[in-house]
Each structure stands twice: as structure tokens, then as C-alpha cells.
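Novice: Have a look at the structure that comes next, please.
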Amino acid sequence: MKPAGPALALLLALSPALRAEESGTRATASHSASGAVRVSGDSGLVLMDLFLNTVALGMDLAALESAAPPAPHSAYAQRVRDDDSYWRQPRRQMDAREGLLLSFGLGGGSAYLSSQGPGRTGAFDLDFRLGYGFSDRFQLFMDFGVDAGRYPQSTDFASWTFTIRGQTVLVGDRAGNGLSLNAGIGVGGVDYNDGYYGNYSSSTGLALAGGLSYDARVTPWFALSPELFLNWHQIPNSPGLPHDVASTYGVRLNFLWYLK
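Under this note's numbering, the residues of the sequence shown are numbered 184 to 443, in order.
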């Protein structure tokens, strides 16, 4: 409906009254002895007609208002927070080797102590690691390893190392399987038991260690990791005497967890 619609409806509502005035129809009033005023029947019809047309005008205005289009909304209206998930940042998918690193290993190898002569002997290996994986490409951990053995007709020994190591993946996949290389530096020493004088320990010397391992994932957070390892450390002696050394190489099976 055009804006002129309400004015037209108003004219239609008032037209009967105008026609009544033009035709000379007048309301007649007669005064009775009691002073009451009476309105003639023609005037009542005119008022009724005016009332009905006014009602029609109101209905037309209501229809006009309901048919009006809604006010345009801003293109930059703020989004209603009706879903918390819309406002939460999506969590970054962690790499398979990312998270708290925990490992326990068992194995064996060949040990050498220069203080016990030129020969080598078998040794039982224990290893424990605790660290953190920053990505699939780099992990950092503390390693504590013990290689225990005995020279025939001689001394029982336990050669230990404590090192800080870095590890990187040489070849692998996103699931956490792959070939890794680790290497580190720290300290080491030897504890002896010769059966006669009891236990005694060497001084602590520089230690170097490394390993080549393959992680085979069993679950997203657990892997079996066989490893070729090598440990070496000095055995300091009294001033003026050359230092002895200890070394062990062998194979161990690591039980490895990455805790997210």
C-alpha cells in the first residue's frame, strides 16, 4: 500500500458526515419540559457510519504496519553466542612423539674395564629414561643406565652412566613408527665388589652415550623399541696416573610411553 492510503481511508471515513452536511440534513433537538435533549435518527445513522468507517481505517493502518518490511540489519551484526564450541579454539593435533616420554629397557652386551685387563666380558643392561618429546623430529630426555657383569676369577662390577640426550627421527611416519638416533653427554662411574674387601666405588668421570633404535607402535601412546646402544665413560685415578675407561655395547628392548 502507498503512503497515501491512510489519508484516502480518512477521507472515506469522513465523507458521510460531509454528505450529510451538504444535503442539509441537520440534527433536530426538541426540548421537553424536563429539559432533556433528543438526537434525531438521521444524526445517529451518520455517527454510526462515521464509527464504522473509523474502525475500517484502523484496520487498514494495522494491515499497513504489519505488511511493512523489517528494518535492515547491519552486515556486521555481532554473532550470538549460542554455541560454546564456536568460540573455543580448536585443539592442535599433537605429534605422535610429542608429550611426556617414559621408557624402561632390558638387555645385554659386552663390557670392557681397562682396570681389569684387555679382555671383555658379558654384562646385563638396565636403562631408564624420562624426558619430553617436543615434536616428531626432536625429543630430549635424561637417561640412567647400568651394565653389570663379572670378570672370571676377579671382580663383580656395575658400570653406570647418567646422561642428557637428544633424539631425532631419521626415517618414520606420522603414527610414531620409525628409526631414531640419540646421543648425549653426562657422567659415569663403576661400583666394585671383589668378595674380599666389600664394595667400593670409583671416582666419577665424563660419560658419552648413544643409541640407534626403532619404535614400533602398539597403541597411540605405547611402543616397543629395540635399540643398539653404546656407553663410554672415564674412570679417574689418582693424580699422576692415567685414567681408566669403561665401555659397553649391546642390544636392549625398551618399553616406551608418550603420555599426552
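The beta carbon of each residue, even a glycine, is placed where N, CA and C say it ideally should be.
Examine the Cβ distances between the stretch 385-397 and the stretch 356-371 and report whether three or more of them are shorter than 8 Å.
Specialist: With the cut-off at 8 Å, the stretch 385-397 and the stretch 356-371 touch.
Novice: Enumerated in chain order, which unbroken segments of the beta strand (DSSP E) with a length of 3 residues or greater are wholly contained in the stretch 345-398?
Specialist: You should have 361-376 and 382-384.
Novice: Would you identify the three-state DSSP class for Tyr441, choosing helix, strand or coil?
Specialist: Strand.
Novice: Measure the C-alpha to C-alpha separation of Asn414 and Tyr379 and round it to an integer number of angstroms.
Specialist: Near 28 Å, if we compare the C-alpha coordinates of Tyr379 and Asn414.
Novice: For the ligand NAP, is there a heavy atom less than 7 Å away from the beta-carbon of Tyr295?
Specialist: This structure simply doesn't include the ligand NAP, nor any ligand for that matter.
Novice: Please name the residue in Phe438, Ile347 and Asn376 whose C-alpha comes closest to that of Val370.
Specialist: The shortest Cα separation from Val370 among Phe438, Ile347 and Asn376 belongs to Ile347.
Novice: Name the DSSP bridge partner or partners of Asp285?
Specialist: At residue 285 the sequence reads Leu, which differs from the Asp that was named. Paired residues: Leu313 and Trp440.
Novice: To the nearest whole angstrom, what separates the beta carbons of Ala358 and Arg400, a pair I think is in contact under 8 Å?
Specialist: Their Cβ separation, rounded to whole angstroms, is 6 Å, which keeps Ala358 and Arg400 in contact under 8 Å.
Novice: Quick one: grab the DSSP three-state call for Ser318.
Specialist: Note: Ser318 maps to coil in three-state DSSP.
Novice: What's the gap between the Cα of Leu353 and the Cα of Ala341?
Specialist: Approximately 32 Å, taken between the alpha carbons.
Novice: Flag this pair as yes or no: are the beta carbons of Gly332 and Ala294 separated by less than 8 Å?
Specialist: In this structure, Ala294 lies closer than 8 Å to Gly332 by Cβ.
Novice: How about Gly314 and Leu289: do their beta carbons lie closer than 8 Å?
Specialist: Contact: no.
Novice: Between the Cα of Gln350 and the Cα atoms of Glu410, Leu436, His426 and Asn376, which residue gives the shortest distance?
Specialist: Comparing Cα positions, the closest option is Glu410.
Novice: For Val434, which residues from the same chain have a beta carbon less than 8 Å from its beta carbon, with the 5 sequence-adjacent residues on both sides left out?
Specialist: Result list for Val434: Gly290, Gly291, Gly292, Pro409, Glu410, Leu411 and Phe412, in chain order.
Novice: Could you say which of Trp404, Pro335 and Trp343 lies nearest to Asp374 if we only look at CA atoms?
Specialist: The option with the nearest alpha carbon to Asp374 is Trp343.
Novice: I think Phe287 touches Phe311, with their Cβ atoms under 8 Å apart; what is that distance to the nearest whole Å?
Specialist: That pair is a contact at about 6 Å.
Novice: Measure the alpha-carbon distance for Gln276 versus Phe405 and round it to whole angstroms.
Specialist: Computed Cα separation, rounded: 18 Å.
Novice: Assuming Ser297 and Asp427 make a contact with CB atoms under 8 Å, what is their CB distance in whole Å?
Specialist: Between Asp427 and Ser297 the Cβ distance is about 4 Å, and since that is below 8 Å, they are a contact.
Novice: Under a Cβ-count criterion, where at least 16 other Cβ atoms within 10 Å of its own Cβ denotes burial, should Ser385 be classed as buried or exposed?
Specialist: By the neighbour-count rule (16 or more Cβ atoms within 10 Å), Ser385 is buried.
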